[in-house]
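See below for the structure under consideration.
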Amino acid sequence: MLYQGDSLTAQLLDDGIVELQFNAKGSVNVLNLATLQEYKQAIEAIAASSEAKGVVVTSAKSSFIAGADITEFTEMFKTPDDEIAGVFKSSSDIFDQFEDLQVPTVAAITGFALGGGCETALVCDYRIADTTARIGLPEVKLGLMPGFGGTVRLPRIIGVDNALEWMTTGKPYKAQEALSFNAIDAVSAPEDLRDSAIKMLKQAIAGSLDWKAKRQEKLESVKLSEIEHIMSFNTAKGMVAAKAGKHYPAPMAMVKLLEKSVLLDRTQAMLMENQAFGLLAKTDAAAAQVGLFLSDQVVKGKAKKAAKSVTNQVQRAAVLGAGIMGGGIAYQSAYKGTPIVMKDINNKALDLGLSTAADILGKQVERGRLNAKKMASVLNNITPSLNYDSIKDTDIVVEAVVENPNVKAAVLKEVQGVVSDSAIITSNTSTISIDLLAKSMSKPERFCGMHFFNPVHKMPLVEVIRGKDTSDETIASVVAYAASMGKSPIVVNDCPGFYINRVLFPYLAGFSQLVLDGADIATVDKVMEKEFGWPMGPAYLLDVVGLDTANHCTHVMADGFPTRMAQIENDPISLLVNDSRYGQKNGVGFYEYSKDKRGRPQKVLSQDSLNMLAAVSKQGVEFGKDEIIARLMIPMVNETIRCLEEGIVASAAEADMGMIYGLGFPPFRGGPIRYLETLGLNEFIAMADQYAHLGEYYQVTDGLREMAASGKSYFSTDVKKG
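Numbering (this note's numbering), first residue to last: 1246 to 1967.
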């Protein structure tokens, strides 16, 4: 044994072959700081061995290397600006050291080789992957770029245009795809991988493969003519600017880096990568996207823990109500493998539910993402029914009838008389109190809310709402079922609007007041979309949700929080609803909806709606983008903080992920709490205090002031529950 570490070993085999094997103590190999140091020590041991004639890099796990341990590297990102490039150079130097070994090297790739794992393979002279391999550089999804030499080696291996595509999209590639790019040199069956890699290495040792020439290409500049260089990078800049936009700096930073670094040798190019990586690591976008990744791990971790704790898994489900929402729930359950009964009181509704599922599947077939056999199996997993007998053997029931407390209560009371005592009953409601509905239940401990978002097949979030009597076992089972449906479940406690709608409505109230104060609706939408990054501005969002639905929720919130959320006088939403302007559902709201000559949907501001609102709004008032953002976002952030302080949502991580998955909060801002902390708590408080005269929505909590004074973070501190 040349080297023995906790995460990797270097063992001398026959014929002078060294097997450098990654085998971390956990379930996957990751590149943390300790592993990097072991990697360095192993390289030095190999270099010092007179018997070593070649190195094959393998993994004892089902995957090669999943990537770098981002939880460790985030601490490194806090290094001062003038020092951070040097910090990352010390890590990238280790990869250079491996590449400079005076013997040929081959990587044997199985499973995931992503990020740092891909870069570990790129330093080898040859790469062979088995059919399970997934290879790529996904750092862009964290607002970063490859930092262990990926920007240097990949363009020299697969060409500049291909490398830009790999790095700016972050897409992982299957083995055969990677081979077509020349990112790897061969593909093997999983059982043959190690032997095939050793065979390739022996060929290099024997001289039948010119490994020195292959390595030399990675050490020199890329051979591009001036015209090729100009065309490649001008095209890349245009495509990246159009797709990524100004809020995601990483893709363009990589294009600009490669524009210069491909003209240099490895040493100079690597120094440029170190510098560029350090600059990106210090951006707000990177902090937000890394934070988003870590928060997502919190949510997924809780779901996995719940699944492990459940004694009786959901084998068969039911949904009551076969409209668009019920059909979407049925589709999602069936598609992910849990058979489901879709029950309604008339065939017309059942037909709508089935057609909803069939339409979703049909579009996937058209796009080549699904075959007809899979479509048929999914539809066979959905059993339409008009009677309750069909649901008596189900493990979980999702009630998704009309949003009316009396109707829901009556249905829930009927259902509990049909299903077994061990069955869980849930209500898909967006506003109605779970504790109120639980009064209809003889076993409230086996009842909770399960709030899906429309369209179900696209929206990742499910709010699992705990009532005061809901048992932990019930919550765990529902979380596990939601996760098995491919959703990201977040547990929240019962309150008006639960978490997502409770936080949304102060934002919409801020919009309503801004309109009354004279703001131009189109300008507000444009600022919140183009400048802040929401997928829809507030007026357009209201039209899509349905102004009548929003108006109903406004009354629910006002009843729940009569001082803070009392409906404002001359509320624009109510004025439009009273004139039967409901938004997209009937073609007119803040905007008018129609189709152009080619049949494509289009929207234009409704002049009639503007005239109605002009009668109750100030005129001739202009608001700058910063004020528009402040007046809409301060209420949302404040309400998020209140939800944390009241224990409605358990953590800042879940609060952020809920808003991103449920409402489309701009990912590059990381969620409302990450946005708050990026601004700075004291800075946010000062901004909110400027608008405190507008009402309670804008008045920060004492808990936030205490947090700011103590210099603590919502991501590392238990929030004071008030």
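Note that CB positions come from ideal geometry on N, CA and C, so glycine has one too. Computed from a predicted model, the values in this text were never measured in an experiment.
| task | Please classify D1375: does DSSP put it in a helix, a strand, or coil? | result | strand
| query | Among the residues of its own chain, which have a CB less than 6 Å from the CB of A1305, if the five just before and after it don't count? | reply | Q1266, N1268
| Apart from the five residues just before and just after Y1248, which ones in its own chain have a Cβ nearer than 7 Å to its Cβ? | T1254, A1255, Q1286, A1287, A1290
| message | Please return the same chain residues whose Cβ sits closer than 7 Å to the Cβ of E1690, not counting the five positions on each side in sequence. | response | D1714, T1715, S1716, T1719
| Given A1860 as reference, the closest of E1872, V1760, P1912 once Cα atoms are compared | V1760
| Where K1588 sits in the DSSP three-state scheme | strand
| task | State the CB to CB distance for the pair Y1959 and I1918, rounded to an integer number of angstroms; the pair is presumed to be in contact (CB under 8 Å). | result | 5 Å
| query | To which residues of the same chain is K1463 closer than 6 Å at the C-beta, ignoring the five residues directly before and after it? | reply | R1398, R1401
| Residue from D1406, A1358, M1445, E1317 whose Cα sits closest to the Cα of G1299 | M1445
| said: Let me confirm a value: K1447 is counted as buried when at least 16 other C-beta atoms fall within 10 Å, else exposed. Which label applies? | reply: buried
| message | With a threshold of 8 Å on Cβ separation, who are the neighbours of G1967 within its own chain once the five nearest residues in sequence on each side are excluded? | response | Residue placement at G1967 is poorly supported in this model, since its pLDDT is 45, which falls under 50; the coordinates are not used for a value here.
| query | Mind checking whether S1733 and D1437 have CB atoms under 9 Å apart? | reply | no
| task | Write down every uninterrupted run of the beta strand (DSSP E) in the stretch 1586-1636 whose length is 3 residues or greater and which is fully enclosed by it, in chain order. | result | 1627-1630
| Alpha carbon to alpha carbon, how far is V1801 from D1739? | 14 Å
| According to the Cβ coordinates, are A1795 and A1803 closer than 9 Å? | no
| said: I'd like to check one pair, W1456 with N1428: are the Cβ atoms closer than 9 Å? | reply: The sequence shown places Ala at residue 1428, rather than the Asn named in the question. Contact flag unset, no.
| Q1864 (DSSP reduced to helix, strand or coil) | coil
| Should E1863 be labelled buried (16 or more other beta-carbon atoms within 10 Å of its own) or exposed? | Position check: residue 1863 holds Lys in this sequence, whereas Glu was assumed. K1863 is exposed by the Cβ-count criterion.
| query | Is the distance from the Cβ of V1663 to the Cβ of Y1633 below 9 Å? | reply | yes
| task | Taking the CB atoms as reference points, tell me whether G1572 and A1602 lie closer together than 9 Å. | result | yes
| Which residues in the same chain as A1498 place their Cβ atom closer than 8 Å to its Cβ, once the five residues preceding and following it in sequence are excluded? | M1390, A1521, L1524, L1525
| request: Taking the CB atoms as reference points, tell me whether A1645 and M1570 lie closer together than 9 Å. | output: yes
| Which of the three DSSP states, helix, strand or coil, is assigned to K1688? | coil
| Skipping 5 residues on each side, what residues in its chain have a beta carbon closer than 6 Å to that of G1828? | D1788, G1791, L1792, G1834
| Would the stretch 1877-1889 and the stretch 1905-1918 be scored as touching if the rule is three or more Cβ pairs under 8 Å? | yes
| contact_flag[the stretch 1696-1716, the stretch 1762-1773] where n(CB pairs < 8 Å) is 3 or more | no
| Bridge-paired residues (DSSP) for A1358 | I1310, I1380
| query | Starting from G1299 and walking both ways along the beta strand (DSSP E), at which residues does that stretch end? | reply | 1299-1304
| task | Quick one: grab the DSSP three-state call for V1840. | result | According to the sequence displayed, residue 1840 carries Lys and not Val. Looking at K1840 - three-state DSSP - the assignment turns out to be strand.
| query | What span of residues does the alpha helix (DSSP H) with T1319 cover, start to end? | reply | 1315-1321
| Closest by CA to K1547, which one among S1578, I1472, V1736? | V1736
| Quick one: is R1612 buried, meaning 16 or more other Cβ sit within 10 Å of its Cβ, or exposed? | exposed
| field | T1668 vs V1642 beta-carbon contact at 9 Å | value | Here residue 1668 is Ala; the residue named in the question, Thr, does not match the sequence. The answer is yes: Cβ separation under 9 Å.
| What distance in whole Å lies between the Cβ atoms of F1340 and V1385, which are believed to be in contact at a cut-off of 8 Å? | Contact doesn't hold; Cβ gap of about 19 Å is too wide.
| query | Looking at the unbroken beta strand (DSSP E) that takes in V1849, where does it start and where does it end? | reply | 1846-1850
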